[in-house]
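Take any residue in the sequence shown, note its place counting from 1, add 314, and you have its number in our numbering. We put the CB at the ideal spot given by N, CA and C, even for glycine.
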Amino acid sequence: VPLHLAVNMASGPARNCLRAHVNLGSLAPRSRFGLHVWGPVAASATEWDKPLEPAGVDWYGPYFDIELAESPPEAPSGPALGLLLHCGEDKRSSLEVASPAEVPAAGSEL
């Protein structure tokens, strides 16, 4: 399942946030997928059994708004940001960003 990231797009969230779009294809109508979030670039991590719920749905599919930390460390010991789309143990897509500098800038896409 592709995970498409966009940061502070014009139609996106107003706060300092990363928007992750997901295209679930035929799973979309019945999906209960959430986004597991970790790393110091995120304002807060999610618990495995309480993933981030979609903030909404658009023409592409569900999207998740991940609030970013005000001042993340420059050299974290692990991934700066990790995202994993899952429904329980059904894991569909993941992304790890190695350093805060690699997190997309406002208005860009990855």
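inquiry  = Let me make sure I understand the geometry here. Which of 357, 412, 407 has the alpha-carbon closest to that of residue 381?
reply    = Taking the first residue of the sequence shown as position 1, residue 381 is located at position 67. If we check each option's Cα against that of residue 381, 357 comes out closest.
ask   = In this structure, does DSSP put residue 367 in helix, strand or coil?
value = Along the sequence shown, read from residue 1 onward, the residue named residue 367 stands at position 53. Of the three classes helix, strand and coil, the one that applies to residue 367 here is coil, per DSSP.
request  = Could you tell me which of 415, 399, 384 sits nearest to residue 349, measuring between CA atoms?
outcome  = Along the sequence shown, read from residue 1 onward, the residue named residue 349 stands at position 35. Ranking the options by Cα distance to residue 349, first place goes to 399.
Nearest neighbour of residue 359, chosen from 377, 413, 412, 394 [CA to CA] = Position 45 of the sequence shown, counted from the first residue, corresponds to residue 359. Checked all of 377, 413, 412, 394; the closest Cα to residue 359 is 394.
inquiry  = Just checking: is the beta-carbon of residue 377 within a distance shorter than 8 Å of some beta-carbon in chain B?
reply    = Protein chain content of the structure displayed is limited to a single chain, and chain B is not contained in it.
request  = Kindly indicate the opening and closing residues of the beta strand (DSSP E) around residue 352.
outcome  = As a first step, residue 352 is located in the sequence shown; it is residue number 38 there, counting from the start. Here the beta strand (DSSP E) through residue 352 covers 348–352.
ask   = Just how far apart, CA to CA, sit residue 402 and residue 376?
value = Here residue 402 refers to the residue found at position 88 of the sequence shown. Here residue 376 refers to the residue found at position 62 of the sequence shown. About 17 Å.
request  = Write down the C-beta distance between residue 366 and residue 351 rounded to the nearest angstrom, noting that I regard them as a contact closer than 8 Å.
outcome  = Here residue 366 refers to the residue found at position 52 of the sequence shown. Here residue 351 refers to the residue found at position 37 of the sequence shown. Going by Cβ atoms, the distance from residue 366 to residue 351 rounds to 6 Å, so yes, they are a contact pair.
task = Consult DSSP for residue 392 and reduce its assignment to one of helix, strand or coil.
result = Translated into the one-based positions of the sequence shown, residue 392 becomes position 78. Coil at residue 392, not helix or strand.
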